[in-house]
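Using numbering that gives the first Met the number 0, the letters of the sequence shown map in sequence onto residues 0 to 126.
Working notes, structure below.
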Amino acid sequence: MPSKPPSTGPGRLNEIVATAQRQREQRERDYREQALKLYPWVCGRCAREFDRATLRELTVHHKDHNHDNNPADGSNWELLCLYCHDNEHSRLTEAARQGGAAQPGAAAARATHNPFADLKAMLKEKK
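Okay, here's the thing in C-alpha cells:
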C-alpha cells in the first residue's frame, strides 16, 4: 500500500503545535525532577527554604537561558523562587533593552577605581 502524504492545513499545524507543547512540558518535568533531586530546596538568590507544601514556588533557572541545554549533572541549572526567577529574567530583558550585556558572560563595563589602592601608604603617613 502506498503511504499517505502528510496532511496540510490548519488541522495539521494545530497538531504540530500541540505535539511541540507536550514535548516541551515533558522536558520541563524531567529536568525539574532531576534538579530537585540534585539540589537542596533553597532559592539560590534569597536563600528561602521550601518544603513539599511550597515546592511549586521553586523554579529551575537555566543559567545560560537555553531551555534545551539540560546536562545531566545540572551544571546549567539553579533553583530560584518565583520572585527571584522573575527578577533574573527582568534584569536580562532590561539589560538588552538598554543595550547592555544581554547575555550572561557578555562583556560589561566594570569599575576600575580602587579607593584602597594607596591605603598602606596613607596609613604610614598618619603614623
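Glycine residues also receive a C-beta, built at the ideal position from the N, C-alpha and C atoms.
Note that the structure is a prediction, hence the values are computed from the model and not measured.
Residues near residue i in its chain [Cβ-Cβ closer than 8 Å; skip 5 each side]
| i | result |
| --- | --- |
| Cys80 | Cys42, Arg44, Cys45, Arg47, Phe49, Glu56, Leu57, Thr58 |
| Asn68 | His61, Asn75 |
The beta strand (DSSP E) enclosing residue i, as first and last residue numbers
| i | result |
| --- | --- |
| His61 | 57 to 61 |
Selection from the options that minimises the alpha carbon distance to residue i
| i | options | result |
| --- | --- | --- |
| Arg51 | Asp117, Gly73, His64, Leu35 | Leu35 |
| Thr53 | Trp40, Leu118, Ala17, Asn65 | Trp40 |
Residue i (DSSP reduced to helix, strand or coil)
| i | result |
| --- | --- |
| Cys45 | coil |
Euclidean distance between Cα positions of residue i and residue j
| i | j | result |
| --- | --- | --- |
| Pro9 | Leu37 | 42 Å |
| Gln33 | Arg23 | 15 Å |
| Leu78 | Ala95 | 23 Å |
| Asn13 | Gln97 | 37 Å |
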